[in-house]
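Student:
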Amino acid sequence: MVRSRRITGQLGRWLARRKLGGQFWQVLLLIWCVNCVAAVGMNLTAYLVIWPDAIIAEWKTMIGLPILMVTVLTVPVVYLDYALVRALLDIRRELETEAAHDFLTGVANRRGFEAQMRKMTKVGGAFLLVDLDYFKDVNDNLGHDVGDNVLRSVGQAMRDSVRHSDLVARLGGEEFAIFMPGVDAAQACEISERVRETIAERTSAHLPGGAKLTCSAGLTLSDGGAFQSLYHAADRALYAAKAQGRNRLEVTAPI
Numbered sequence: 324m325v326r327s328r329r330i331t332g333q334l335g336r337w338l339a340r341r342k343l344g345g346q347f348w349q350v351l352l353l354i355w356c357v358n359c360v361a362a363v364g365m366n367l368t369a370y371l372v373i374w375p376d377a378i379i380a381e382w383k384t385m386i387g388l389p390i391l392m393v394t395v396l397t398v399p400v401v402y403l404d405y406a407l408v409r410a411l412l413d414i415r416r417e418l419e420t421e422a423a424h425d426f427l428t429g430v431a432n433r434r435g436f437e438a439q440m441r442k443m444t445k446v447g448g449a450f451l452l453v454d455l456d457y458f459k460d461v462n463d464n465l466g467h468d469v470g471d472n473v474l475r476s477v478g479q480a481m482r483d484s485v486r487h488s489d490l491v492a493r494l495g496g497e498e499f500a501i502f503m504p505g506v507d508a509a510q511a512c513e514i515s516e517r518v519r520e521t522i523a524e525r526t527s528a529h530l531p532g533g534a535k536l537t538c539s540a541g542l543t544l545s546d547g548g549a550f551q552s553l554y555h556a557a558d559r560a561l562y563a564a565k566a567q568g569r570n571r572l573e574v575t576a577p578i
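Heads up, the sequence shown is in the working numbering, so the first residue is 324 and it goes up one at a time.
Here it is in structure tokens:
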């Protein structure tokens, strides 16, 4: 019988029985070794019980050595199992992160973006859709290596231009999107224009003669909505921007 609070490092008492009869309390130290509850969802907790040196001298029964051996051998095994579970969980998290992010730009991919948007269907804000102007000419005339560098710089430019709470994604090809939760029309337009200008500045480092790659952008505001409805509204504004000569931002009516 152990009387002790379940806190690491607390002294407890063990009710022992003498061989010749009678009971007495032994002082022990309860040490937490492993807790797998958070890792695997199991109520598995390992403790190491240590008797102070002054008490160990009294523990000389034949049962003492096997118990001590089991304790010493079991704790490392449990620890190794716990370490393995943690390693597997880390690998799983890495794979989930990779599956939700674009490998080239480092921003979210369409799958990851839509997953985040599903959690924010009731959150108001602004949805920005960005398409690089004449990006196909960059790939055709300068090669895909240059095109990849341009896309990387676009992803970084967008991350540097938005708030920490904003979601940035590459939906595919040269099309990017940003969701800005909790902004009004003025804030959304300010961030969107900053994104557009920063993209033009950053891409010039990868183009001959300091040329700039511009972008067209469509913006819509909403009190909350699904990804598809926001996307289609922003897409209409994007095509309006291209029809007006590209390298500009167009805003559609809130949905």
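Even glycine gets a Cβ: it sits at the ideal position worked out from N, Cα and C.
Keep in mind that this is a model prediction, so the values were computed, not measured.
From which residue to which residue does the beta strand (DSSP E) around A576 run?
Tutor: Counting from one through the sequence shown, the residue named residue 576 turns up at place 253. From DSSP, A576 is part of no beta strand (DSSP E); its letter is neither H nor E.
Student: In three-state DSSP terms, what is R409?
Tutor: Here residue 409 refers to the residue found at position 86 of the sequence shown. Note: R409 maps to helix in three-state DSSP.
Student: Have a look at P531 and L465 and give me their C-alpha separation to the nearest angstrom.
Tutor: Locating residue 531 in the sequence shown gives position 208, counting from the first residue. Locating residue 465 in the sequence shown gives position 142, counting from the first residue. Cα to Cα, P531 sits roughly 9 Å from L465.
Student: To the nearest angstrom, report how far apart M365 and R409 are at their CA atoms.
Tutor: What you label residue 365 is simply residue 42 of the sequence shown in a count that begins at 1. What you label residue 409 is simply residue 86 of the sequence shown in a count that begins at 1. The predicted model places M365 with a pLDDT of 47, which falls under 50 and marks its position as unreliable, so this point remains unresolved.
Student: Helix, strand or coil, according to DSSP, for V360 in the structure here?
Tutor: As a first step, residue 360 must be located in the sequence shown, where it is residue number 37. Unreliable positioning characterises V360 in this predicted model, as indicated by a pLDDT of 43, which lies under 50. The coordinate reading is nonetheless provided below. In this structure, V360 counts as helix in the three-state DSSP scheme.
Student: What's the C-alpha gap between Q567 and G429?
Tutor: For the purposes of this step, residue 567 is identified with residue 244 of the sequence shown, where counting begins at 1. For the purposes of this step, residue 429 is identified with residue 106 of the sequence shown, where counting begins at 1. Their backbone Cα atoms lie some 31 Å apart in a straight line.
Student: Helix, strand or coil for E516? Go by DSSP, reduced to three states.
Tutor: Counted from its first residue, the sequence shown places residue 516 at position 193. Helix at E516.
Student: Starting from R493, trace the beta strand (DSSP E) both ways and give me its first and last residue.
Tutor: Locating residue 493 in the sequence shown gives position 170, where the first residue counts as 1. From DSSP, the beta strand (DSSP E) with R493 extends over L490 to G495.
Student: By DSSP's criteria, L455 is part of a beta bridge. Which residues make up the other side?
Tutor: As a working note, residue 455 is residue 132 in the sequence shown. L455 is bridged to C538.
Student: Which residue wins for smallest C-alpha separation from L452, given the options R569, A560, P577 and N570?
Tutor: Here residue 452 is taken as the residue at index 129 of the sequence shown, counted from 1. Comparing Cα positions, the closest option is A560.
Student: Report all residues from its chain with a CB closer than 7 Å to the CB of S539; omit the five preceding and five following residues, and keep chain order.
Tutor: Here residue 539 refers to the residue found at position 216 when the sequence shown is read from its first residue. A distance below 7 Å between beta-carbons, with the five flanking residues on each side excluded, links S539 to the following residues of its chain, in chain order: D454, D456, L561, A564, K565, R569, N570 and R571.
Student: Distance, Cα to Cα, R441 vs A549?
Tutor: Start at 1 with the first residue of the sequence shown, and residue 441 comes out as number 118. Start at 1 with the first residue of the sequence shown, and residue 549 comes out as number 226. Cα-Cα distance, rounded: 7 Å.
Student: Only counting the same chain, and skipping five residues up and downstream in sequence, which positions put a Cβ closer than 8 Å to that of K535?
Tutor: Reading the sequence shown from its first residue, position 212 is the one you call residue 535. Around K535: A523, E524, T526 and S527.
Student: Helix, strand or coil for A449 per DSSP?
Tutor: What you label residue 449 is simply residue 126 of the sequence shown in a count that begins at 1. Looking at A449 - three-state DSSP - the assignment turns out to be strand.
Student: Are the CB atoms of A449 and A509 nearer to each other than 8 Å?
Tutor: Numbered from its first residue, the sequence shown carries residue 449 at position 126. Numbered from its first residue, the sequence shown carries residue 509 at position 186. Going by C-beta atoms, A449 is not nearer than 8 Å to A509.
Student: Might you give, ordered along the chain, the residues of its own chain that have their beta carbon closer than 8 Å to the beta carbon of A431, omitting 5 neighbours on each side?
Tutor: By 1-based counting over the sequence shown, the position of residue 431 is 108. A423, H424, D425, Q439, L490, V491, A492 and R493, listed in sequence order.
Student: Alpha carbon to alpha carbon, what distance is there between S552 and S515?
Tutor: Here residue 515 corresponds to residue number 192 of the sequence shown, with the count starting at 1. Here residue 552 corresponds to residue number 229 of the sequence shown, with the count starting at 1. Answer to the nearest angstrom: the Cα atoms are 19 Å apart.
Student: Would you kindly report the start and end of the unbroken alpha helix (DSSP H) that includes F436?
Tutor: Looking up residue 436 in the sequence shown gives position 113. Residues R433 to R441.
Student: How should A500 be labelled, buried or exposed, when 16 other C-beta atoms within 10 angstroms of its C-beta is the threshold for buried?
Tutor: In the sequence shown, residue 500 corresponds to position 177, counting from 1. Buried.
Student: Got a sec? Which residues, its chain only, sit under 8 Å from K383 by beta carbon, not counting five neighbours each side?
Tutor: Taking the sequence shown and counting its residues from 1, one reaches residue 383 at position 60. Any reading at K383 needs caution, since the residue's pLDDT is 47, under 50, leaving its predicted position unreliable; the model's value is listed next. There are no such residues.
Student: Return the first residue and the last residue of the beta strand (DSSP E) that F502 is part of.
Tutor: Counted from its first residue, the sequence shown places residue 502 at position 179. It spans E498 to P504 - the beta strand (DSSP E) in which F502 sits, taken as one unbroken run.
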